[in-house]
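As structure tokens, the structure follows; a few thoughts come after it.
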Amino acid sequence: MTKYAVVGGVLLVLAWGWASVFSWFDPSALCRVHIDVELLEGDRASVKEAISVVRREDPVAYRDLCRWVDRIQEERECMAGDPQADPRFRGADPALRRARDAAGCYIRGSRVIVLRRARDGENPATLLRERAEAITRSAGYARAFWTGTSR
Amino acid sequence: MTRARWWALAGIVVVAVLATRYLVWLDPGNRCVITIRPSLVGYDNRIVKLALETLRHGSPEDYRQVCVHVGTINPNPACGGFGGGCFWHGDGQKGRATIDVSTEHGLIWTAAIVVHETCHARQFHEGRPPGFDLEHECYNEDDRIMRALVQFE
């Protein structure tokens, strides 16, 4: 019996460690959001810091995040169009540039939020604030998509 | 049956279930079965499945087109390189086609390549144009799906 308890305890610690390292893991809120980052350039800690800001400042958005988002991916940028597409089709729409500069975006039909990677020389405090706002906004988009309602 | 045989049978079942889960996109509700080739890094198959899942919910008509025209997805870097995709046409592709899809640039780019290569597969099955390489039509398709799915403001 003791042997099984020890094995169970070790497995629990391993699972907890795994979840904590690769995800935002908040058992008290039954919340786990996996965080994908680039192996060499990525920064999982700063994503977790931004989620922590959302949890502290906007409980409703945090609840949306936990309920409707299961993965945050850090990418070079949010791509909202293909620059190779026919310019006559795309016209002079500045949306592509705005998306590229956005701190984050939601991909409709998924439970995934994309956050833009930090750029050279970017102020960490500003980026943290922008990411927290992007997560708040995107969690709302995810809820709106999956429930068909907006708040 | 001996206990050893039971274990062997259980092992075979587990391997078969894991292989199916890893190598096949199965959506009986929409009668959609797509084979996904083994990838050099296991991560890539997950992104392809995530892209198909995103299209299924985010753009059902595009998803239907994928199910109709594509039978196999190769997630390994191939003729499209690390950032693009490819569509193979030939006698072996007269049924549902095989497409190469790079997963290098994340979920939305992967979904966009799936839609782009599906557009070529549709051109092939419709017999137009010669060479099935009406690129601007397919670039417009992937541009359209990215605009439709990415929400940032």
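So the protein sequences, as listed, match chains A and B.
Following this note's numbering, the numbering of the first sequence begins with -8 at its first residue and continues without gaps.
Following this note's numbering, the numbering of the second sequence begins with 2 at its first residue and continues without gaps.
By construction, the Cβ of each residue, glycine as well, lies at the ideal position given by its N, Cα and C atoms.
Note that this is a predicted model, so its numbers are computed, not measured.
Taking 8 Å as the threshold (beta carbon to beta carbon), is residue i in contact with chain A?
i	result
residue 30/B	no
residue 8/B	no
residue 46/B	no
residue 58/B	yes
residue 27/B	no
residue 107/B	yes
residue 101/B	no
residue 144/B	yes
residue 51/B	yes
Give the interface partners of residue i over in chain D, defined as CB-CB distance under 7 Å, in chain order.
i	result
residue 110/B	No chain D appears in the structure shown, which is made up of the protein chains A and B.
Below 8 Å on C-beta distance, what does residue i contact in chain A?
i	result
residue 147/B	70, 71, 72, 73
residue 124/B	Neighbours of residue 124/B on chain A: none; closest Cβ ~16 Å, over 8 Å.
residue 135/B	Those within 8 Å of residue 135/B in chain A number zero; the least Cβ separation is about 11 Å.
residue 79/B	Within chain A, no residue comes near residue 79/B; the closest Cβ sits about 19 Å away, beyond 8 Å.
DSSP three-state call for residue i: helix, strand or coil?
i	result
residue 31/A	coil
residue 66/B	helix
residue 62/A	strand
residue 79/B	strand
residue 12/B	helix
residue 53/B	helix
residue 55/A	helix
residue 141/B	helix
residue 108/B	helix
residue 45/B	helix
Have a look at the options and flag the residue whose alpha-carbon is nearest the alpha-carbon of residue i.
i	options	result
residue 67/A	86/B, 103/B, 107/B, 118/B	107/B
residue 136/A	32/B, 59/B, 23/B	59/B
residue 94/A	8/A, 57/A, 127/A, 73/A	127/A
residue 16/A	34/A, 97/A, 40/A	40/A
residue 18/A	113/A, 123/A, 124/A, 3/A	3/A
residue 92/B	65/B, 126/B, 24/B	126/B
residue 28/A	117/A, 87/A, 1/A, 62/A	62/A
residue 138/A	90/A, 35/A, 59/A	59/A
residue 31/B	38/B, 66/B, 22/B	66/B
residue 10/A	-1/A, -5/A, 26/A, 90/A	26/A
residue 125/A	7/A, 35/A, 111/A, 90/A	90/A
Based on DSSP bridge pairs, tell me the residues matched to residue i.
i	result
residue 14/A	25/A
residue 28/B	33/B
residue 99/B	73/B
residue 42/A	For residue 42/A, which the question treats as bridged, DSSP gives no partner whatsoever.
residue 107/A	66/A
residue 98/A	151/B
residue 87/B	101/B
By the criterion of Cβ-Cβ separation under 7 Å, what are the contact partners of residue i in chain A?
i	result
residue 104/B	Those do not exist, as residue 104/B stays about 12 Å from chain A at its closest Cβ, beyond 7 Å.
residue 55/B	98, 100, 101
residue 17/B	By Cβ distance, chain A contributes nothing, its closest Cβ being about 25 Å from residue 17/B, past 7 Å.
residue 150/B	98, 99, 100
residue 113/B	73
Under a CB-based cut-off of 8 Å, is residue i close to chain B?
i	result
residue 105/A	yes
residue 154/A	The shown model of chain A, from -8 to 142, leaves out residue 154/A, and the question about it has no answer.
residue 66/A	yes
residue 93/A	yes
residue -5/A	no
residue 53/A	no
Can you name the residues of chain B whose CB is closer than 9 Å to the CB of residue i?
i	result
residue 89/A	153, 154
State yes or no: is the C-beta of residue i nearer than 7 Å to some heavy atom of the ligand ATP?
i	result
residue 15/B	The ligand ATP is not among the ligands present in this structure, which contains no ligands whatsoever.
Going along chain A in order, which residues have a C-beta closer than 9 Å to the C-beta of residue i?
i	result
residue 11/B	Chain A residues near residue 11/B: none, gap ~20 Å exceeds 9 Å.
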